[in-house]
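For the sequence shown, UniProt numbering puts the final residue at 693, and the numbers step up evenly by one.
Scroll down for the structure; my scribbles are underneath it.
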Amino acid sequence: MTKYVFIVLWANDNGDGGAFALYSLMCRYAKVSLIPNQEPEDRELSHYSLDIPSNHIRRAQRIRHSLEKSKFAKVFLVFLAILGTSMVIGDGVLTPCISVLSAVSGIKPLGQEAVVGISIAILVALFCVQRLGTDKVGYTFAPAICTWFLFISGIGLYNLFKYNVGVLRAFNPKYIIDYFKRNGKQGWVSLGGIFLCITGSEAMFADLGHFSVRSIQISFSCLVFPALLSAYSGQAAYLSKFPENVGNTFYDSIPDPLYWPTFVVAVAAAIIASQAMISGTFSIVAQAQNIGCFPRVKVVHTSVKHGGQVYIPELNYFLMAACVIVTLSFKTTEKLGHAYGIAVVSAEIITTHMVTLVMLVIWKTKIWWITLFYAVYLSIESTYFSAQLTKFTQGGYLPMAFSVVLVIIMGTWHYVQKLRYQFELNNKVSSDYIRELANNPNIKRVPGIGLLYSELVQGIPPIFPHFVSNIPSVHSVIVLVSIKFIPISKVALQERFLFRQVEPKEYKVFRCVVRLGYKDQLGDTMDFENQLVEQLNKFIRHEHYILAAHEQVLADKETEPVSGQLVPGRSSRVHIEEDLQQQVDSRVSSPTGSIRSTHTPTAQSNRSSSRIQMVPPNTSGQEEMQFVEKAKEQGVFYLLAEAEVVAKQDSSFVKKAFVNYAYNFLRKNFRQGEKVMAIPQTRLLRVGMTYEL
Numbered sequence: 001m002t003k004y005v006f007i008v009l010w011a012n013d014n015g016d017g018g019a020f021a022l023y024s025l026m027c028r029y030a031k032v033s034l035i036p037n038q039e040p041e042d043r044e045l046s047h048y049s050l051d052i053p054s055n056h057i058r059r060a061q062r063i064r065h066s067l068e069k070s071k072f073a074k075v076f077l078v079f080l081a082i083l084g085t086s087m088v089i090g091d092g093v094l095t096p097c098i099s100v101l102s103a104v105s106g107i108k109p110l111g112q113e114a115v116v117g118i119s120i121a122i123l124v125a126l127f128c129v130q131r132l133g134t135d136k137v138g139y140t141f142a143p144a145i146c147t148w149f150l151f152i153s154g155i156g157l158y159n160l161f162k163y164n165v166g167v168l169r170a171f172n173p174k175y176i177i178d179y180f181k182r183n184g185k186q187g188w189v190s191l192g193g194i195f196l197c198i199t200g201s202e203a204m205f206a207d208l209g210h211f212s213v214r215s216i217q218i219s220f221s222c223l224v225f226p227a228l229l230s231a232y233s234g235q236a237a238y239l240s241k242f243p244e245n246v247g248n249t250f251y252d253s254i255p256d257p258l259y260w261p262t263f264v265v266a267v268a269a270a271i272i273a274s275q276a277m278i279s280g281t282f283s284i285v286a287q288a289q290n291i292g293c294f295p296r297v298k299v300v301h302t303s304v305k306h307g308g309q310v311y312i313p314e315l316n317y318f319l320m321a322a323c324v325i326v327t328l329s330f331k332t333t334e335k336l337g338h339a340y341g342i343a344v345v346s347a348e349i350i351t352t353h354m355v356t357l358v359m360l361v362i363w364k365t366k367i368w369w370i371t372l373f374y375a376v377y378l379s380i381e382s383t384y385f386s387a388q389l390t391k392f393t394q395g396g397y398l399p400m401a402f403s404v405v406l407v408i409i410m411g412t413w414h415y416v417q418k419l420r421y422q423f424e425l426n427n428k429v430s431s432d433y434i435r436e437l438a439n440n441p442n443i444k445r446v447p448g449i450g451l452l453y454s455e456l457v458q459g460i461p462p463i464f465p466h467f468v469s470n471i472p473s474v475h476s477v478i479v480l481v482s483i484k485f486i487p488i489s490k491v492a493l494q495e496r497f498l499f500r501q502v503e504p505k506e507y508k509v510f511r512c513v514v515r516l517g518y519k520d521q522l523g524d525t526m527d528f529e530n531q532l533v534e535q536l537n538k539f540i541r542h543e544h545y546i547l548a549a550h551e552q553v554l555a556d557k558e559t560e561p562v563s564g565q566l567v568p569g570r571s572s573r574v575h576i577e578e579d580l581q582q583q584v585d586s587r588v589s590s591p592t593g594s595i596r597s598t599h600t601p602t603a604q605s606n607r608s609s610s611r612i613q614m615v616p617p618n619t620s621g622q623e624e625m626q627f628v629e630k631a632k633e634q635g636v637f638y639l640l641a642e643a644e645v646v647a648k649q650d651s652s653f654v655k656k657a658f659v660n661y662a663y664n665f666l667r668k669n670f671r672q673g674e675k676v677m678a679i680p681q682t683r684l685l686r687v688g689m690t691y692e693l
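Here you go:
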């Protein structure tokens with residue numbers, strides 16, 4: 001717990017936790033992503049830059065360069081992120097089962113079948129209310145969980161002082177050594193059960209988007225940890241007098257007057273623990289999808305105030321079905337505990353490795369601190385993991401089976417997405433094609449704006465000429481749109497659209513990269529269209545603003561007073577052309593159209609800049625913006641490629657299996673692109689194309 005609360009929580013990505021948040025940190029700082037869609041402009045985003053101390057340390061630079069050059073390191077990093085996420089999703093199945101089942105088992109008169117039935121009913125009800133969102137479901141969480149911790153700490157202190165306060169001597173490390181000496185191998189095996197006392201930390205990190213680091217640290221240090229120590233110490237004191245009650249210690253140790261109130265609070269706490277794990281699972285799957293490691297699913301943002309609160313209908317029903325099946329199959333918390341422990345400790349070991357890498361490359365911590373962190377926590381977690389493996393045949397195989405299935409799904413999707421992007425990059429169309437298109441009298445222009453979607457962020461995608469060859473017409477304004485998720489949690493709206501114009505300019509073809517963080521969504525179709533056209537007009541205004549400024553300054557510099565006469569100033573013209581070109585080249589084509597200069601301004605360049613600010617947009621800019629607005633009024637149409645992917649004939653059997661069967665099965669059985677983007681069917685045009693990967 002100390003690892004997560006005081007160290008790992010600080011390795012968050014703009015307030016988000018989980019394996020993919022750690023992976024996104026690495027991708028942002030080092031070029032370790034398998035999909036080569038990084039652009040220099042991305043580093044200009046508000047949330048992209050990192051506060052990195054000790055920039056001059058050579059060790060971190062060497063490690064970063066080694067990671068960027070090593071294909072194995074890139075694959076291993078994404079594998080760790082996928083495996084860690086798979087373990088947490090497996091935890092998302094097991095936590096509701098074991099939490100609710102253990103709470104309901106306190107009803108003494110009922111038999112095991114009744115306990116299982118009630119537990120399933122509670123689980124089904126819990127998953128049915130997920131669509132309301134954590135914001136609405138969680139109104140009673142804070143008072144219920146505070147009441148729970150007060151109950152267990154009070155009962156623990158009561159048992160401690162009533163039965164045997166001497167159990168506090170167990171805090172002496174000497175007793176740990178004595179315990180293993182006395183019990184030998186059996187003591188080591190017992191660590192598997194002991195580990196269940198500290199579970200929940202990996203869920204806390206995955207669910208970080210709902211809270212702040214400081215709030216977790218304060219609540220853990222002042223409430224959670226003292227309450228747990230009191231509760232476990234009290235149970236130990238009770239068992240020293242009644243060792244025969246070890247099977248149901250918690251409920252047996254409750255004083256009779258508090259039994260039913262504690263039972264009610266325990267069920268509420270179990271539901272809250274399950275809710276936290278379910279919410280964390282939704283969050284990390286949404287992150288995985290946006291980074292290209294999970295098939296398309298519908299992600300619903302359930303809160304306006306809190307961006308991290310999401311709901312995924314397909315995943316919700318999958319978790320509900322899995323929880324019901326697991327509860328019916330295992331029936332007791334003892335068997336579920338064997339499965340639960342392996343999932344938790346595996347996720348913690350993966351987190352230890354990834355945080356160590358963050359320390360080395362990003363934090364640039366002193367090497368002896370990194371060595372101490374890695375050696376201490378990995379040795380402890382590996383010991384617990386080895387103890388958990390002794391329970392593999394008794395239920396521990398379940399999270400492993402979940403993980404294998406999820407790793408295959410996510411790994412297959414990411415692998416083929418990488419191949420698809422590489423295919424488009426290798427087969428992108430030359431800009432000469434647009435010039436030929438502009439001079440082709442057989443290509444007709446139809447009214448409206450055509451949005452052609454592609455994953456390619458550089459150049460013209462190969463699907464564009466395929467559209468034109470099948471339908472020999474193009475809209476009056478064409479925007480080649482690429483939805484790009486970059487490794488940060490959020491992108492400000494004013495920085496989201498990155499435009500470039502394709503020559504010839506009079507043909508009205510634009511490249512647009514829509515940059516989203518893994519917590520951002522495109523939103524409503526009408527809102528997206530309005531935002532895109534608004535930012536496109538800002539880009540056009542800025543481009544003509546620069547052009548008009550350039551022309552006016554050149555006109556002013558054509559004649560300069562030399563010895564009282566007006567003579568052509570060729571050298572001055574060359575100078576101002578270079579000066580303006582440097583400004584144009586150094587700016588970022590952001591929606592705000594800001595100009596950034598990378599050179600130290602001289603008196604002359606300052607005068608030039610003052611002239612630039614006084615130049616109004618020229619009339620052609622106004623005409624072009626009016627043209628775009630008119631095209632929007634005539635309709636915005638969406639052009640989507642139905643790209644079938646197949647492996648090349650000479651590919652290996654394994655590659656054909658993943659590409660031709662596994663990936664295509666996932667693509668056809670998960671949501672299609674137009675459903676994820678909520679595109680109106682009446683304005684959608686799809687053209688098929690086959691990619692040979």
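All C-beta atoms, glycine included, are put in the ideal place defined by N, C-alpha and C.
Query - Inter-residue CB distance, P295 and G90 (contact presumed, cutoff 8 Å) - result: Not confirmed; about 18 Å, so no contact.
**Report entry** Closest residue to V267 among A144, G292, Q535 (Cα-Cα distance)
**Finding:** Nearest option by C-alpha distance: A144.
Query - Residues of its chain near L493, where Cβ-Cβ distance is below 8 Å and the 5 sequence neighbours each way are ignored - result: Q531
Report task. Return the bridge partner residues of residue 726 from the DSSP annotation. Result -> With the chain running from 1 to 693 in the structure shown, residue 726 is simply not present.
Query raised in the report: Near R607, what residues of its chain come up, given a Cβ to Cβ distance below 6 Å and the 5 sequence neighbours on each side ignored?
Result: Bear in mind that a pLDDT of 38 at R607, under 50, signals an unreliable position, so the model cannot answer this.
Query - Spatial distance of V310 from F76 (CA atoms) - result: Roughly 28 Å separates the two Cα atoms.
**Report entry** Inter-stretch contact (C-beta, 8 Å, three-pair minimum) for the stretch 677-687 and the stretch 464-482
**Finding:** yes
Report task. Please report how far the alpha carbon of F180 lies from the alpha carbon of N290, in whole angstroms. Result -> 47 Å
Query raised in the report: Can you name, in chain order, every residue of its own chain whose Cβ lies under 6 Å from the Cβ of M359, other than the five neighbours on each side?
Result: T365, I370
Query raised in the report: Taking three-plus beta-carbon pairs below 8 Å as touching, is the stretch 473-485 in contact with the stretch 506-519?
Result: yes
Requested in this report: Can you have a look at K668 and say buried or exposed, based on whether 16 or more other CB atoms are within 10 angstroms of its CB?
Outcome: Around the beta carbon of K668, a 10 Å sphere encloses fewer than 16 other beta carbons of the protein chains shown; the residue is thus reported as exposed.
Query raised in the report: DSSP puts R511 in a beta bridge; with which residues?
Result: Answer is L480, R500.
Query raised in the report: Taking Cβ to Cβ, would you say V355 is nearer than 8 Å to A11?
Result: yes
Query raised in the report: With which residues is Y311 paired in a DSSP beta bridge?
Result: DSSP lists V300 as partners of Y311.
Query - Any C-beta of chain B under 8 Å from that of N440 - result: Absent here is chain B; the protein component of the structure consists of one chain.
**Report entry** DSSP beta-bridge partners of V361
**Finding:** Bridge partners of V361: none, in fact.
**Report entry** Length-filtered (4 minimum) alpha helix (DSSP H) runs lying within the stretch 149-193
**Finding:** Fully contained in the stretch 149-193 are the following alpha helix (DSSP H) runs of length 4 or more, in chain order: 173-183.
Query raised in the report: Excluding the five sequence neighbours on either side, which residues of its own chain have a C-beta within less than 8 Å of the C-beta of D585, listed in chain order?
Result: Bear in mind that a pLDDT of 45 at D585, under 50, signals an unreliable position, so the number given afterwards is only what the model happens to contain. Correct list: empty, nothing qualifies.
Query raised in the report: So G395 and F330 are in contact, right, with Cβ under 8 Å, and what is the actual spacing, rounded?
Result: Contact between G395 and F330 holds: CB atoms are separated by about 6 Å, below the 8 Å threshold.
Query raised in the report: Skipping 5 residues on each side, what residues in its chain have a beta carbon closer than 8 Å to that of T602?
Result: Residue confidence for T602 is low, a pLDDT of 38 falling below 50, so the modelled location carries little weight; the figure read from the coordinates is stated next. Excluding residues within five positions, none has a Cβ falling inside 8 Å.
Query raised in the report: Does the pairing of the stretch 271-280 with the stretch 242-255 give three or more beta-carbon distances under 8 Å?
Result: no
Query raised in the report: In chain order, what residues of the same chain lie with their CB nearer than 6 Å to the CB of T2, ignoring the 5 residues before and after it?
Result: none
Query raised in the report: Would DSSP call R671 helix, strand or coil?
Result: coil
Query - Reduced DSSP category for D524 - H, G, I as helix; E, B as strand; rest coil - result: coil
Query raised in the report: Where do the ends of the alpha helix (DSSP H) carrying V264 lie?
Result: 259-290
Query raised in the report: How long is the line joining the alpha carbons of K505 and R435, rounded to whole angstroms?
Result: 10 Å
Report task. Mind checking who S473 pairs with in its DSSP beta bridge? Result -> Answer is K444.
Query raised in the report: In this structure, does DSSP put G411 in helix, strand or coil?
Result: helix
Query - Per-residue burial, P591 [other beta carbons within 10 Å of its own, 16 or more giving buried] - result: Because P591 sits at a pLDDT of 38, beneath the cut-off of 50, its placement in the model cannot be relied upon, and the following sentence gives the value as read from the coordinates. Buried, because 16 or more other Cβ atoms sit within 10 Å of the Cβ of P591.
Query - Cβ neighbour criterion (16 or more within 10 Å) applied to Y663 - result: buried
Query raised in the report: Secondary structure at I35, three-state DSSP: helix, strand or coil?
Result: coil
Query raised in the report: So what's I679 in DSSP terms, helix, strand or just coil?
Result: In the structure shown, I679 sits in coil (DSSP, three-state: anything other than H, G, I, E or B).
Report task. State whether the stretch 163-183 contacts the stretch 223-241, with contact taken as three or more CB pairs (one from each stretch) at a distance under 8 Å. Result -> Yes, they touch.
Query raised in the report: Can you find at least 3 beta carbon pairs, one from the stretch 332-348 and one from the stretch 251-258, that sit closer than 8 Å?
Result: no
Query raised in the report: In this structure, does DSSP put I486 in helix, strand or coil?
Result: I486 falls in the coil class under three-state DSSP.
Query - I7 - DSSP class collapsed to helix/strand/coil - result: coil
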